[in-house]
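So the structure is just underneath, and the comments pick up after that.
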Amino acid sequence: MNTKRLMGAAAATVLALGLAACSGSGAGTETTSDNTNTAAPPAADVTIGVAMPTQTSSRWIADGAAVESGLQDLGYKVDLQFANDDIPTQTQQIDQMMTNGADLLIVAAIDGTALSAQLQNAADKGIKVIAYDRLIRESANVDFYVTFDNYQVGVQQATSLLVGLGLLNKDGSDGDATGPFSVELFAGSLDDNNAYFFWDGAIDTLQPYLDDGTLVVPSGQMDIEQAAILRWQQETAQRRMEDLLTASYSGDLKVDGVLSPYDGLSRGIITALQNAGYPATISDGFPIVTGQDAEIASVKLIADDVQFASIFKDTRKLAAQAVTATEEFLSGGEPTANDTETYDNGVKVVPSYLLESDIVYADNITSLLVDSGYYTADEVASGVAS
Ligand code: GAL
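Going letter by letter, the sequence shown gives residues 43 to 428 in our numbering.
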């Protein structure tokens with residue numbers, strides 16, 4: 043186990059406020075020339091609170107595990123909690139983490155605006171807060187944000203829809219198809235800041251095709267408010283797709299494609315389409331459905347020619363960034379941002395570290411996901427992560 047030195051005035055302040063008795067000798071102790079003990083405790087005396095939204099999605103389970111093991115490898119104690127997509131549960135968990143002596147918080151919020159009181163409390167105690175994947179809004183007390191380039195994720199989702207319809211080739215050149223194609227649009231949960239970025243990236247990409255009539259939306263539901271799915275719930279997406287089919291598709295009119303911003307929603311949409319009698323595979327005429335997160339159940343659907351694509355956001359890399367930012371804060375520094383303009387949370391622009399994502403198609407599952415060790419070939423074949 044590594045020991046972690048916490049040095050510098052800022053760290054000393056954090057420690058004085060955030061830690062109980064942490065004196066002693068050894069690798070974690072520093073003595074300055076005036077003999078003041080600016081000592082950092084051993085890593086084993088530092089606890090990181092990690093708040094994740096839900097265990098109903100395999101992606102957040104993977105995120106939680108990756109953050110926990112990355113921090114534990116450095117010797118930190120980790121208080122990892124999942125909140126079952128329930129806002130009061132998450133606020134209570136964060137309160138409890140601080141009561142239990144957390145020294146820093148890593149938070150993937152359920153509702154990005156619901157944590158102001160918790161974050162104020164954290165700031166008062168000198169506890170740094172890192173927003174994980176989802177921006178925490180309406181608070182000055184968000185110290186750093188690790189995420190992906192969320193607008194670009196939306197661009198990739200729309201691009202995969204256009205590729206699936208044959209309007210674009212994977213190299214970005216125009217495809218042979220001409221349309222018109224009937225598509226429906228889904229968005230994420232409007233209390234999640236990311237939902238707007240995904241939507242904006244996707245709609246900006248689809249707009250020329252909507253404008254010239256290559257793509258039509260038979261339901262007419264083209265506002266994010268109409269397309270949104272609260273809490274990113276699979277069942278809600280299934281119901282909305284069923285309602286769209288009932289209300290807007292009759293006779294020969296068929297759905298050609300669905301923009302879906304998350305694999306859980308995609309599975310609900312796919313179930314609705316299957317129940318409505320669409321052919322079993324894309325090769326046989328099943329609609330093009332997009333996704334996000336490369337969740338294992340959806341990767342199998344992609345391999346099985348049912349879902350067309352997903353977006354791979356490597357949770358190992360995101361977790362590693364969160365761990366790096368944690369170390370930088372705890373050593374009294376500031377994490378390195380690569381974006382200081384995009385993520386205005388309503389009170390301030392939060393310095394961010396953005397990672398890149400990739401489109402997963404059936405033909406690159408192996409190179410993107412298996413060769414990188416994200417999943418084994420057996421997991422892809424079974425659709426279950428072990
Ligand atoms: C978003 C996240 C997506 C997806 C979604 C539903 O915040 O960026 O990758 O996981 O939540 O969980």
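We treat Cβ as the ideally placed atom computed from N, Cα and C, and that holds for glycine.
Whole-angstrom distance between residue j and residue i, CA atom to CA atom
{"i": "I401", "j": "I407", "result": "10 Å"}
{"i": "P435", "j": "D218", "result": "No statement about residue 435 is possible, as the shown extent of the chain runs from 43 to 428 and does not include it."}
{"i": "A164", "j": "L177", "result": "16 Å"}
{"i": "P222", "j": "T256", "result": "4 Å"}
{"i": "P377", "j": "A364", "result": "9 Å"}
{"i": "Y291", "j": "Q198", "result": "27 Å"}
{"i": "E72", "j": "G117", "result": "At E72 the pLDDT is 38, less than 50, meaning the model places this residue with poor confidence; the figure from the coordinates comes in the next sentence. One C-alpha to the other measures close to 18 Å."}
{"i": "D105", "j": "G293", "result": "45 Å"}
{"i": "T189", "j": "L295", "result": "39 Å"}
{"i": "E267", "j": "Q275", "result": "15 Å"}
{"i": "Q134", "j": "A351", "result": "37 Å"}
{"i": "A62", "j": "A86", "result": "Confidence at A62 is low in this model, with a pLDDT of 34, below 50, so its placement is unreliable and the value that follows should be read with caution. Going from the Cα of A62 to the Cα of A86 covers about 13 Å."}
{"i": "L248", "j": "A200", "result": "6 Å"}
{"i": "P130", "j": "V149", "result": "14 Å"}
{"i": "F354", "j": "E337", "result": "9 Å"}
{"i": "G243", "j": "T313", "result": "26 Å"}
{"i": "P303", "j": "A229", "result": "6 Å"}
{"i": "A54", "j": "D145", "result": "With a pLDDT of 37 at A54, under the threshold of 50, the modelled position of this residue cannot be trusted; read the value that follows with caution. So the alpha carbons of these two residues sit roughly 12 Å apart."}
{"i": "V120", "j": "K359", "result": "18 Å"}
{"i": "L301", "j": "T384", "result": "24 Å"}
{"i": "G327", "j": "Q334", "result": "22 Å"}
{"i": "A339", "j": "G425", "result": "4 Å"}
{"i": "N387", "j": "D356", "result": "24 Å"}
{"i": "Q349", "j": "D298", "result": "13 Å"}
{"i": "Q280", "j": "L307", "result": "7 Å"}
Simplified DSSP assignment, three categories, for residue i
{"i": "A156", "result": "coil"}
{"i": "S409", "result": "helix"}
{"i": "D115", "result": "helix"}
{"i": "L287", "result": "helix"}
{"i": "A362", "result": "helix"}
{"i": "I39", "result": "No answer is possible for residue 39: the residues shown for the chain start at 43 and end at 428."}
{"i": "E180", "result": "coil"}
{"i": "F24", "result": "With the chain running from 43 to 428 in the structure shown, residue 24 is simply not present."}
{"i": "A229", "result": "strand"}
{"i": "A270", "result": "strand"}
{"i": "L209", "result": "coil"}
{"i": "V402", "result": "strand"}
{"i": "D216", "result": "strand"}
{"i": "S373", "result": "coil"}
{"i": "N44", "result": "Bear in mind that a pLDDT of 30 at N44, under 50, signals an unreliable position, so the number given afterwards is only what the model happens to contain. Note: N44 maps to coil in three-state DSSP."}
{"i": "V426", "result": "coil"}
{"i": "Y304", "result": "coil"}
{"i": "N142", "result": "coil"}
{"i": "T418", "result": "coil"}
{"i": "D3", "result": "The question about residue 3 has no answer, for the chain in this structure spans 43 to 428."}
{"i": "V341", "result": "helix"}
{"i": "Q275", "result": "coil"}
{"i": "I169", "result": "coil"}
{"i": "Q263", "result": "coil"}
{"i": "D87", "result": "helix"}
{"i": "G310", "result": "helix"}
{"i": "D137", "result": "helix"}
{"i": "G106", "result": "helix"}
{"i": "T98", "result": "coil"}
{"i": "S292", "result": "coil"}
{"i": "G319", "result": "coil"}
{"i": "A200", "result": "helix"}
{"i": "A336", "result": "coil"}
Per DSSP, the bridge partner or partners of residue i
{"i": "S394", "result": "Y187 and D381"}
{"i": "L174", "result": "The question names Leu, but residue 174 in the sequence shown is Tyr. Y174 is bridged to V188."}
{"i": "A93", "result": "Q123 and V149"}
{"i": "I330", "result": "G299"}
{"i": "D5", "result": "The first residue shown for the chain is 43 and the last is 428, placing residue 5 beyond what the model contains."}
{"i": "L257", "result": "F223"}
Classification of residue i by the beta-carbon crowding that lies within 10 angstroms, buried from 16 upward
{"i": "N317", "result": "exposed"}
{"i": "M264", "result": "exposed"}
{"i": "K390", "result": "exposed"}
{"i": "Q138", "result": "exposed"}
{"i": "D216", "result": "exposed"}
{"i": "G310", "result": "buried"}
{"i": "N380", "result": "exposed"}
{"i": "T429", "result": "Here the chain covers residues 43 to 428 and nothing more, so residue 429 does not appear."}
{"i": "Q97", "result": "exposed"}
{"i": "K46", "result": "Any reading at K46 must be qualified, since the residue scores a pLDDT of 34, below 50, and its modelled position is unreliable; no value is offered."}
{"i": "E110", "result": "buried"}
{"i": "S414", "result": "exposed"}
{"i": "P250", "result": "exposed"}
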